[in-house]
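Numbering (UniProt numbering), first residue to last: 1 to 403.
C-beta: ideal position from N, C-alpha, C; glycine also.
Okay, structure first, notes after.
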Amino acid sequence: MNVNANVNGEALRQRFEAGMMHNYGTPPLALARGEGSRVWDLDGNRYLDLIAGIAVSALGHAHPSIVKAVTDQVGKIAHTSNLFLHEPGVLLAEKLRSLLHQDARVFFCNSGTEANEAALKVVRRKQGQQRPVIVAADHSFHGRTMGALAITGKESIRAPFAPFGFDVRWVEYGDADALHKAVDDKVAAVFLEPTQGEGGVIPAPAGYLEEARQACDNAGALLVLDEIQSGIGRTGAWFAHQAEGVTPDVMTLAKGLGGGLPIGATIGFGECGAALVAGDHGSTFGGNPVACAAALAVIDTIEKENILGNVKAVGETLANGIAAIDHPLLSGVRGSGLWLGAVLTEPKAPAVNTAARQAGFLVNAVQPDVVRIAPPLILTQAEAAEFIGAFPAILSKAQEPEA
Ligand SMILES: *Cc1c(COP(=O)(O)O)cnc(C)c1O
């Protein structure tokens, strides 16, 4: 079957509903192409992309360095399986180790949830069977497969699929005392996001990760930081934990790592890097040469073009610009780098999302009262200013009765 150049968005939506499972609500928009931080829909409308495929397209769309890396690699060898070595995979592991300045080893997979599944296996291997409990936080998100879902603190998506394979002890995110109480000698590991992304871009309170490290050390538990959304420059640091001066035992990555190509990574620090032995885990596609080549291009480009500096500078412009807006629907803004939650005074995030789209901006209603902004890390000052200028009218539109 050919891709029809004349297909329109509405026709594609109908075919989507007929042919695909209904695990997603049908998206309102079909995207056809992108360039930098702009995307075009099938009907030819242009948008400023402030969500980047859920914090994934770190270099925006069709970035020449990714296009070249992927094209070159697919023209050499696209897939080897784990039966054979390939250079892009080893190079990427070495690159990640050098960014971490730590003794660490890497396992590659294809997605965030898989990275957390591998982290769970590292934890079980390292801690044995005598510590059956995992501590996880309310409102956390760690993925949709059965292990990662078990530690995801959102009842509505977890409960229909229970029971799960291990005991989970829930703590309120950000409450260090609760964490100290919860982590005892039955606990194998604590899983935390440095900022809760799907929860609504909720940063950990100052010192919380340090307390988590301390609680784990006191009880002999492992600290697993899920940096799937926060990693690879999103907050302005390579990894969010680096800005906190806290080293985890295990870290998971995905989203921004491949710049749009599917890749995840589980990184074990120190002894956790050696916990898995031959035969313990695997993935046929994981760390495939094309995805690794894309990830190398992402990291090289961030380094060469000082994109972390851009994240800090443009992130500050966006956060300050939104904070300065005086509007009855807007209560404030939180987050760091190019990763912000605009918090509303009413649960009208879906209406803001729609009004933004109609005004030519793609954002995300991450919670009923939180609008997530996670643009490409290459967003320019001018593009940020464009959104700040348009946001008050978008908020007003969202407050109209029919919205
Ligand atoms: C997106 C996300 C995941 C899951 O990643 P998938 O690639 O969708 O499986 C896990 N943890 C965090 C913090 C995420 O943001």
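Confirm the yes/no value for this check: CB of R46, any heavy atom of ligand 1, distance under 8 Å.
-> no
Whole-angstrom distance between L379 and G53, CA atom to CA atom = Roughly 14 Å between the two C-alpha positions.
P350 to L344, Cα distance in whole Å?
-> 11 Å
Return the CA-CA distance between D138 and L192, expressed in angstroms with no decimal places.
-> Looking at the two C-alpha atoms, the distance is approximately 10 Å.
Beta-carbon proximity of C292 to H86, cut-off 9 Å | yes
Could you say which of G287, A356, R372, L12 lies nearest to N82 if we only look at CA atoms?
-> G287
Let me know the secondary structure DSSP gives G315 once reduced to three states.
-> helix
Where does G309 land, buried or exposed, given buried means 16+ other C-beta within 10 angstroms?
-> exposed
Is the CB-CB distance between residue 414 and I66 below 9 Å?
-> No answer is possible for residue 414: the residues shown for the chain start at 1 and end at 403.
Rounded to whole angstroms, how far is the Cβ of I302 from the Cβ of F108, which I believe are closer than 8 Å?
-> I302 to F108, Cβ: 19 Å. No contact.
May I have the straight-line CA-CA distance separating A18 from G268, to the nearest angstrom?
-> 43 Å
Thinking C-beta only, is L253 closer than 9 Å to G231?
-> yes
Name the one or two DSSP bridge partners that P401 has.
-> None, per the DSSP bridge assignment.
By how many angstroms is the C-alpha of V122 removed from the C-alpha of T195?
-> About 23 Å.
Using beta-carbon positions only, say whether G25 and D49 come within less than 9 Å of one another.
-> no
Any chance the CB of H180 is under 8 Å from a heavy atom of ligand 1?
-> Relative to ligand 1, the beta carbon of H180 is positioned no closer than 8 Å to any heavy atom.
Roughly how many angstroms separate the alpha carbons of K397 and E172, rounded to a whole number?
-> Approximately 35 Å between the Cα atoms of the pair.
Using a Cβ-Cβ cut-off of 6 Å (strictly less than) and excluding sequence neighbours within five positions of N116, which residues of its own chain qualify?
-> So the list reads H142, G143, A148, T252, once near-sequence residues are dropped.
Same chain only: Cβ atoms within 7 Å of F166, ignoring 5 sequence neighbours per side | P132, I134, A150
Can you tell me whether DSSP reads N2 as helix, strand or coil?
-> Legend: pLDDT at N2 = 47, less than 50; position of this residue unreliable, no value from coordinates given.
Can you give the Cα-Cα distance for L100 and A119, rounded to whole angstroms?
-> The alpha-carbon separation between L100 and A119 amounts to approximately 17 Å.
Q229: CB within 8 Å of a non-hydrogen atom of ligand 1 | yes
With 16 other CB atoms within 10 Å as the buried threshold, where does F239 fall?
-> Under this definition F239 is a buried residue.
With a cut-off of 8 Å, do at least 3 Cβ pairs link the segment 366-383 to the segment 27-44?
-> yes
Nonlocal neighbours in the same chain, by C-beta distance under 6 Å from L257, ignoring five residues either side = Cβ within range, chain order: I232, I263, A295.
Can you list the alpha helix (DSSP H) stretches of 4 or more residues lying completely in the segment 300-364, in chain order?
-> Note on the segment 300-364: whole alpha helix (DSSP H) runs with a minimum of 4 residues are 307-323, 349-358, in chain order.
Report the option in R15, H241, L329, A324 whose CA atom is closest to the CA atom of D369.
-> L329
Leaving out five residues before and five after R105 in sequence, what residues of the same chain have Cβ atoms less than 6 Å from its Cβ?
-> G268, G273
Give the secondary structure of Y47 by DSSP, where H, G and I count as helix, E and B as strand, and everything else as coil.
-> Strand.
Classification of D72 by the beta-carbon crowding that lies within 10 angstroms, buried from 16 upward = exposed
Buried or exposed (CB count within 10 angstroms, at least 16 for buried), P248 = buried
Helix, strand or coil at T380 [DSSP, three-state] | coil
Please work out which residues of its chain come closer than 8 Å, Cβ to Cβ, to N2, disregarding the five sequence neighbours upstream and downstream, and give them in chain order.
-> With a pLDDT of only 47 at N2, under 50, the local geometry of the prediction cannot be trusted, and the value read off the model is given with reservation. There are no such residues.
Between A55 and the rest of its own chain, which residues show a CB-CB distance below 8 Å, the 5 nearest in sequence each way excluded?
-> G197, Q229, R234, K255, G256, W339, A374, listed in sequence order.
Using the beta-carbon count (16 or more within 10 Å), is Q127 buried or exposed?
-> buried
Have a look at V168 and A136 and give me their C-alpha separation to the nearest angstrom.
-> CA-CA distance, V168 to A136, rounds to 7 Å.
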